[in-house]
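Working notes for the structure below.
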Amino acid sequence: MSWLSQPKIYDHRVHETDIASDEKLAMILDRYPAELLDINAYSYDAEGQVSLATGERGRADGATLLAAIKAGQVWVNLRDAHEAYPELWAHIQPNFDAIAADLGVKPIKVTGQLIMSSPQTKVPYHFDAAGVVLFHLRGVKKLWVYPTDEAHQPQTSVEKVIMRVQAEELPYRMAFDEDAEVVELQPGQALTWPLYAPHRVENQGVFNVSLSLDFQTWETRLMRGAHYANGVLRRYGMTPAAMEKTPAAARAALWAASLAMKKANLAPNLIKDYERSFELAEQAKKAA
Ligand SMILES: [Fe+2]
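Number 42 in my numbering belongs to position 44 of the sequence shown; there are no gaps in the numbering.
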């Protein structure tokens, strides 16, 4: 039920522009709307289990923020870059159009996040309930992409993530790494993977900049709605069928049910904004 069965790399030349230069990044950080800027710090224990703290920019200007990202251990996400950073998007859009044509997908909604991350940052095991193309612009990162089977991605966890009663993390065990495809991503490469494939990321000791593009098609929208409806049904004691055994017509019916369920507020979104517990420039000072 996906357009790919393995991760796939495309080439692009967006990194040859000055769009991800220090100067441009400081400028965009300076003027980016605070409500679209996420600052995340992950920490990991010996078994690879993760905890998350989120921060806010405080009063720091763009250049100070950029220096703090380079010196810290954070991952900064500039959401809605497709609208808030049109100069970048003018470079990304034609590349994505070519990739979508090659994959044979017809996107109905596309969003972008510009991600700046510290040299040692790791993003934990998770999946995205959308198609993703990761355009890499600066630095080097390693990605592990895992199979989409029940062992690596239990359907009940997928439902909880989609209902947003659990953050976008799946149960992870280090032994899963043996089953992963591993890709070392360089500037000028764009990576995409099978729909819903779990993945995790480790920066390779250098400051990283990427543009992560999410896209929905009718297929992904129906699947997301079907998972949502199944999650609600499961909460009421029913046992839904496995998604790969749910035919398209049944998915469409479940999706329609999910719209009604959302209206009836049957699974309120329990993940409000995390409490923003540190200020980035302060954290960088401590780390220095
Ligand atoms: Fe992701």
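For every residue, glycine included, the Cβ atom is placed at its ideal position computed from N, Cα and C.
Across the structure, residue 87 and residue 134 are spaced so that their CA atoms are roughly 14 Å apart.
Closer than 7 Å to some heavy atom of ligand 1: that does not describe the Cβ of residue 134. For residue 114, the enclosing beta strand (DSSP E) has its first and last residue at 107 to 115. Counting the other Cβ atoms within 10 Å of the Cβ of residue 180 gives fewer than 16, which makes it exposed. CA-to-CA, the gap between residue 178 and residue 148 works out to about 15 Å. For residue 187 against residue 240, the beta-carbon gap comes to about 34 Å, at or over 8 Å, which does not count as contact. The continuous stretches of beta strand (DSSP E) do not include residue 99, which lies in the alpha helix (DSSP H) extending over residues 84 to 101.
Taking residue 105 as the centre and dropping the five residues before and after it, the same chain places the C-beta of 98, 213, 214, 215 closer than 7 Å to its C-beta, in chain order.
The beta carbon of residue 191 is closer than 6 Å to those of 5, 143 in its chain, skipping five residues each way along the sequence. Looking at the DSSP output, residue 36 sits in a beta bridge with 75. Under the criterion of beta carbons closer than 8 Å, residue 201 and residue 115 qualify as touching, at roughly 6 Å. The beta-bridge partner set that DSSP reports for residue 51 consists of 39. Check the Cα spacing between residue 124 and each of 139, 156, 107: the tightest is with 156.
Taking non-hydrogen atoms of ligand 1 into account, the C-beta of residue 108 is found less than 7 Å away from none of them.
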